[in-house]
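For reference, the structure discussed in these notes is given below.
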Amino acid sequence: MQAAFPLVFAALLFCVGVFGVLSRRNAVLVLMSVELMLAAVTINLVTFGLLAADRGDVVLTGQIFALFVLAIGAAEVGVGLAIILLLYRNRATVNIDDADLMKY
Amino acid sequence: MTLLAQIPPLQIPDIAWSAISPELVLFGVGILALLLDTAGPQRLQASFLVFGFAAAGAGYIALSTEQSVLPGLVGLAALGQFALTAIWRDRPRLLSALLAALGFAGAIGVTTWQWGAYSGRLVGADAATFVGTDSLLGGMVAVDGVALFTRVTVCLAGLVTVPLSFAYAEERRIHRGEYYPLLLFAATGMTLLASSADFIMVFIAIEVLSLSLYILAGFAKRDLNSQEAALKYFLLGAFSSALLLYGIALVYGVTGSTNIAEAGRAFSSLDAPQGMAVAAMALLIVGFGFKTAIVPFHMWTPDVYQGAPTPITGFMAAATKAAAFAAFLRVFVGAFAPLQWSWTPVLWVLAALTMLAGAILAVVQNDVKRMLGYSAVAHAGYVLIGFVAVNRAGVSGVLVYLLIYTFMSLGSFGVLALLERRNHKAMAIDDLRGLGRRDPVPAGMLALFLLSLAGIPGTAGFVAKFAVFRAGIEAGHAALVVIAVVSSVIAAFFYIRVIVAMFMEDVPEGVAAEAPLAPSTGMSAGIAFSAAVMVAFGTVLPFLLVDLADQAATFVS
Amino acid sequence: MVALATAVGAVLAQTPVADPAGAAASTGAAEFWVFWILAPLSLAAAVSMVVLRNPVHAALMLVVNFFTIAMFYAVLEAQFLAAVQIIVYAGAIMVLFLFVLMLLGVDRELPTRVAQIRGQQPAALLLGALLFAALAVGVAGPFLGADSACNAPPDAVAAAGADAQPCVGLAAANEEGNVRGVARLLFTDYVWPFEVTSVLLVIAAIGAMVLGRRTERPEDLVDGRGVRKEPLRARAARPTGSTALDREAAE
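This is how it looks when you write it as C-alpha cells:
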C-alpha cells in the first residue's frame, strides 16, 4: 500500500469535517465535526510516523503526537459540551445561528 | 534483531528545571490557590500541610545537594503562603488574588534571573538566526530572548489583571474561587507557548491557554453575552486548532521531525515536496491568524471581546497576542526561513488588510468595548509589520509593541471595567459624554490610554509604532508603512471621538443622578500602574525598553 | 463483514511483530485489502454524520467512523493507539456526546429562529472541495510515485528496483511491543508535554465544573467575610434596566 492512500483518505475525512463545521447549525454536531477533523489529522500523523521510520528515524513520534491529540481532543469535548449545556439552559436552543445577541 | 530481546532500563531524563521554572511557579501557585479555595473551613490546615510537605522537600534537597538558595526560596514561599492563609483565612477570594499576584510577580522574578543567566551567551550581530534554535528538555523548551521577553510581558499582564478583576468580579457576583487559578493556568499556557521549541508543545500550549480562556470568557455565566462569547470563541477556536494541527502534521510529514529547529534545517536542505510545505504553511498561517486575530480570521474577536468579563478582555487582547506572536515568530522565522519568499508576501497582504479593516470597522461601532475589540484587530496588523520585516529590528519591534500594547489594552479596559461597575451596563460612547467634567481622573486616564493607542507622538504607543515602522522601512516595505499610517489616521478618528465625547460634550439629560465613581484600591492601583508605565515608556525611558528588546532579539540560548 | 473481520484479525495477529522481518514482508497485501474495505466504510460514515438530520443518528455514524479509524491505526502499526481510540473515543467520548444529545432532548434539528444564510451549504461544499483538492495535490504528490512504495507487497518493492526506499516500517521501534515503545518515549523524551497535558486535563475538569454547576450558593460568588453586607438591599432599590449586566446583578 502506498503512503498516499491513507494520506488522501485523511485529507478527504478532514474536508468532510470542515464541511460539517461550516454547514451544521447544531452546536453539538459542529463539535462532532471538529472531532472528525482531529481524527483525520491523527491518521496523518501515524502515517507520517511510518514514513519517517522509512527515512531512518526509528522513533514513534507520530504515534506519541497522535496520543496527545486524542487526550487534548477529549479535554476539549468536555469543556465544549459544558459550554453548550450552559447555553441550552438559558436559551433552550443549541443552534449557533441563534447566538446572535452581539451585532453592530 | 535479537539484540533488544532483553528490556533495557528506562533512562530517566535530565529535567532542566531552571528552563521551566516560570511555568512551574505559575502552575504551582494556581494549584495552591485552587486547593486553598476548595479546602473551605479547613483552609488553615490545608495550608499547613502544604507548608509541611514543601519544607520537608526543601530540607531534603538542601541536605542532599548542599544547595541553599533554591530550597531556601521554596521554604520561604511555603512559609509565606501559610502566613497569608493565616491572616486572610476568612477571605478566600482576597487570599486567591494575593497568591495570584505573588505568583505572577514570582514568575517575573524567575524570568529576570533566567535573563541574567542566559544573556551572557550573546551572539554577534551577524549570527544567522535571531530566534533561539537550541533548546532544552528533549528539544521541547526554548530559552531565548523572545521567550523570556514574552514571558515577562504575559506575567506583567496577569499582574495588572488581578487587581483590576477583584472589585469587578465582586460587583458582578462572578467571584468564584476558580477565577484566579484559571487566570494563572491561562498565563502558564501563554508562557509555555512563548517558549515552545517543538510543534507538539506549540499545540499543547495553545490548547492550555485556549481552554482556560474559553472558560474565563464564559465566566459571567448568567450573562447571555458572556455565554455567547464563550460558545463562539470555543467553536472557532477548536476549528482553528484543528487547522493548525493539520499544518503541523504536514510539517512533520515533510521534515520527519516535530522540532522547530530541526524542521528548519530539513526545509533548508530539502529538494522537496514544496507543495506539501506550502500547504502546511498556509494552514499554520490560518491557525495562528485565528489566535492573533488577523483579518480574514478575526470574526470571533469583537463578539468575544465584548461578551467576556472586561478585565479578562484586556488580558486576552494583550497576553494572548503576545504569546501567539512569539510562537508565530519562532515557527516562521525558525522553521520556514528557507521558504521566506512564499510567506512574506502573504503576511504583507494580511497585515495591510488587518490594519485597514480593523480601523474602518472600529469607526462604525457604538459600544466602546466592541470598538476597542476592533482596535485590537488593527493593532495585530501593526505588529505584523515587524513580523514581515524579518530582521532583528522587526523582532525587537514586535516585542516592544506587544509589551506596550499590554499596558494600553489593560489600562483602557480597566477604566471601562471601573465605569461598568458604576453604571451596571456596557458602555456606549454616548454614556461617556461629559465624563471628563464629572470624573476628571478616570476620564483623563482613559484619554491617556486612547491617545497612546492612537500613537500620538509623546506617548508610549508612538514609541511602539515607531519601532515597527522603522523595521518595516529598513526591510523595504515602505508601502506597508504608508498603509499603516493611513490606518493610524483612521484609528485616531475614533479614539479622538471618544475623547471629545468625554471632555467637550455635556452630560446628557437624565443621568445626572448617577452615583459617584467609587474606585476600589485594586482598580486604582492597576490603572495607575498601567498609566505610569505608559508615561515612563513614552517620555523618559523608551530607549531602555528598546534596548532590552534589541538584546532579546539578539541572544540565542 | 466476516471477510472484514478475518482480514482485520489477520492484521492484528501479525503486527505485534514477534518476528519483525517476517511481518514486514507479509503485511503488505492484508493491509491493502483492509484499507480498501475500511476506507469507503469510514468515509460513508463520516459523510452521513455530516448530512443526517437526526443528531443521534449522526452521533452513531461517528461511532462507526471512530471504529474504522481504530482499525486504520492497527494497520499502520499503532496498536496502542487503536486500543485507546476505541476505549476513549468510540467509548467514553461518544457516550458523552450521546448523553448530552439525549439530555438536551434535541433528537431532531431544531427549527431556526433566524433565517439561515442563503446558500451557505453550497458554499461550504465548495470550500471543502477546494480545500480537499489543494490538500490532495500537496499531500499525495510526493508519496504516489514508485519510489515511495512503502508498505507495498514485496513484489511491488522488487518491481520498483534499487531506487525504492526500503520498507522498514516501525518494526524496529515496535520490537519490544508498541505499548512499551510508546511508554518509553512518553516518559523520557516527551515527559514535559506529557506533564503539560495533565495541566490541560485539570483545566478541563475545572471548566466543566465552573460552567456546568447549576445552582450556586450566593456566598460562593463573592468574597466571604468582611465585604459589605448591604449591597443586596441597595441593589434592589436601584432602578434596574434591561441590560444583561443588570439582570445578572439582580439575581
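Protein chains in written order, with the numbering used here: chain A, 15 to 118; chain B, 27 to 583; chain C, -11 to 239.
Ideal placement from N, C-alpha and C gives every residue a C-beta, glycine not left out.
Would you mind giving the Cβ-Cβ distance between residue i and residue j, rounded to the nearest angstrom? I have them listed as a contact below 8 Å.
| i | j | result |
| --- | --- | --- |
| B/G440 | B/I553 | 5 Å |
| B/L60 | B/A72 | The Cβ separation is near 11 Å, so there is no contact. |
| B/A84 | B/P97 | 4 Å |
| B/A419 | B/S401 | B/A419 to B/S401, Cβ: 25 Å. No contact. |
| B/A256 | A/I97 | 5 Å |
| B/L237 | C/A192 | 6 Å |
| B/F475 | B/S438 | 4 Å |
| B/V394 | B/M453 | 5 Å |
| B/M216 | B/T346 | 7 Å |
| B/L506 | B/A377 | 6 Å |
| B/A344 | B/T380 | Between B/T380 and B/A344 the Cβ distance is about 17 Å, and since that is not below 8 Å, they are no contact. |
| A/S37 | C/Q108 | 7 Å |
Using alpha carbons as the reference points, say which of the options lies closest to residue i.
| i | options | result |
| --- | --- | --- |
| C/A122 | A/V108, A/C29, A/G92 | A/C29 |
| B/Q391 | B/G165, B/L379, B/V494, B/F520 | B/F520 |
| B/F130 | B/A275, B/P322, B/A213, B/A558 | B/A213 |
| A/G34 | C/V22, C/P43, C/E207 | C/P43 |
| B/F354 | B/T318, B/I386, B/G340 | B/T318 |
| B/W374 | B/T187, B/A126, B/S435, B/A504 | B/A504 |
| C/L26 | C/F55, C/L48, C/M49, C/P110 | C/F55 |
| B/N417 | B/R459, B/G498, B/A292 | B/G498 |
| B/L276 | B/A308, B/L261, B/S295, B/K247 | B/A308 |
| B/G360 | B/R291, B/I516, B/A334 | B/R291 |
| C/P206 | B/E196, B/L269, B/V234, B/A289 | B/E196 |
| C/G126 | B/V489, B/Q68, B/Y272, B/A127 | B/Y272 |
| A/V108 | A/Q77, A/L50, A/L45 | A/L45 |
| B/I509 | B/P468, B/G487, B/A385, B/S422 | B/A385 |
| B/A42 | C/D177, C/V187, C/V198, C/T185 | C/D177 |
| A/T75 | B/A127, B/Y278, B/L52, B/V51 | B/Y278 |
| B/A305 | C/A124, C/F60, C/V51, C/V184 | C/A124 |
| C/T168 | A/G87, A/L100, A/A17, A/I78 | First, the residue type needs correcting, since residue 168 of chain C is Arg and not Thr in the sequence shown. The candidate whose alpha carbon is nearest that of C/R168 is A/I78. |
| C/A32 | A/G31, A/N40, A/A66, A/A80 | A/G31 |
| C/L48 | C/P110, C/V83, C/Q108 | C/V83 |
| C/Q73 | C/F87, C/A111, C/I57 | C/I57 |
| B/L182 | B/P48, B/F323, B/G333, B/R464 | B/P48 |
| B/I57 | B/A45, B/V526, B/I46, B/S122 | B/S122 |
| B/A558 | B/F314, B/A501, B/F529, B/G470 | B/G470 |
| C/L209 | B/S267, B/I286, B/F211, B/H201 | B/H201 |
| B/A517 | B/S478, B/V489, B/T547, B/M549 | B/S478 |
Between which two residues does the alpha helix (DSSP H) containing residue i stretch?
| i | result |
| --- | --- |
| B/E196 | 171 to 198 |
| B/M405 | Here the sequence assigns His to residue 405 of chain B, which means Met is not the residue at that position. Element bounds for B/H405: 394 to 415. |
| A/Q77 | 75 to 105 |
| B/Y618 | What is shown of chain B runs 27 to 583, which leaves residue 618 of chain B out entirely. |
| B/A388 | 366 to 389 |
| B/F433 | 418 to 449 |
| B/E233 | 225 to 243 |
| B/L477 | 466 to 480 |
| B/W43 | No alpha helix (DSSP H) holds B/W43; DSSP gives it neither H nor E. |
| C/F68 | 67 to 72 |
| B/M528 | 504 to 529 |
| B/P207 | 205 to 220 |
| C/V51 | 43 to 63 |
| B/F488 | 486 to 500 |
| C/V210 | Segment: none, C/V210 is in no alpha helix (DSSP H) and carries neither H nor E. |
| C/N166 | 166 to 174 |
| B/Q93 | First-last for B/Q93: undefined, no H or E at that position. |
Please go through the stretch 47 to 88 of chain B and give each complete beta strand (DSSP E) segment of 3 or more residues, from N-terminal end onward.
none
Those runs of the beta strand (DSSP E) which lie wholly inside the stretch 297 to 361 of chain B and span at least 3 residues:
none
Spell out a yes or no on whether the stretch 182 to 196 of chain B and the stretch 250 to 259 of chain B are touching, meaning 3 or more CB-CB pairs, one atom from each, closer than 8 Å.
no
Count the C-beta pairs between the stretch 362 to 375 of chain B and the stretch 420 to 438 of chain B that are closer than 8 Å, then say yes if the count reaches three, no if not.
no
Is it the case that the stretch 54 to 61 of chain A contacts the stretch 195 to 213 of chain B, given that we only count it when at least three CB pairs across the two stretches are under 8 Å?
no
Check whether the stretch 572 to 580 of chain B and the stretch 452 to 461 of chain B touch, using three or more Cβ-Cβ pairs below 8 Å as the test.
no
Would you check if the stretch 217 to 227 of chain B and the stretch 168 to 179 of chain B touch, i.e. whether three or more CB-CB distances between them fall below 8 Å?
yes
For the 8 Å Cβ check, are there 3 or more pairs between the stretch 557 to 568 of chain B and the stretch 407 to 417 of chain B?
no
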